[in-house]
Each structure stands twice: as C-alpha cells, then as structure tokens.
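**Q** If you scroll down you'll find the structure; I have some questions about it.
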Amino acid sequence: MTEHTCHELLGDLSEYLDGNLPQTICDEIEQHMADCENCRVVVDTMRKTVDLYHTLPQPDLPDSLRERLYKSFDLGNLKRPSED
Numbered sequence: 001m002t003e004h005t006c007h008e009l010l011g012d013l014s015e016y017l018d019g020n021l022p023q024t025i026c027d028e029i030e031q032h033m034a035d036c037e038n039c040r041v042v043v044d045t046m047r048k049t050v051d052l053y054h055t056l057p058q059p060d061l062p063d064s065l066r067e068r069l070y071k072s073f074d075l076g077n078l079k080r081p082s083e084d
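Just so you know, we're using our numbering here: the sequence shown kicks off at 1 and counts up by one.
And the structure:
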C-alpha cells in the first residue's frame, strides 16, 4: 500500500473506531491493515487506548473549574451533567 493510503487511514481512524464509516470504507481500511503492519499497530494501539479510557471513572470537577473549561472552549451554552 502507498503512504498516501496510510495517511487516508489515519484521517479516518476515529470514525472507523467509532463505527461511523460506511461498510465499504471499513472494508478498504481492513484490507489495507491486512497488508500494512504499521497501520495495524496504530489501529490496535488506538483501540486499546480508547478501551482503557472507557474503563476509567470520570473525574469529579469542581464547578469553578468546569466553568473555566466551558468558557475556554466556548461551551458556556452546554448543559452541565447534573442538569439533565
């Protein structure tokens, strides 16, 4: 496979791991990984990282820090988790 194809895979990696790509694109990525050990390692590492992240508890942030984060990301209009 070409380096360009490797770059395309990396560009689609998050969507691929989240299951948000059409099956035809997933098939192309899987075919590429069958032939490209470097991309296979990258995908496996990212998948393990995401899985590990999901096993960790969410930190309990103080309201003042949460407000600062919302303001820094311009997310002031989002509801807080306790407001659902």
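Note that CB positions come from ideal geometry on N, CA and C, so glycine has one too.
Since the structure is predicted, the reported quantities are computational estimates derived from the model, not experimental observations.
1. Evaluate contact between the segment 66-76 and the segment 33-50, counting only Cβ atoms and requiring at least three cross-stretch pairs below 8 Å.
2. Locate the alpha helix (DSSP H) running through Asp44, then write down its first and last residues.
3. How big is the Cα-Cα spacing for Thr24 and Glu30?
4. Which same chain residues, not among the five before or five after Cys26, have their C-beta less than 7 Å away from its C-beta?
5. So is Leu52 buried or exposed if we call it buried at 16+ other beta carbons inside 10 Å?
**A** In brief:
1. no
2. 37-55
3. 10 Å
4. Tyr16
5. exposed
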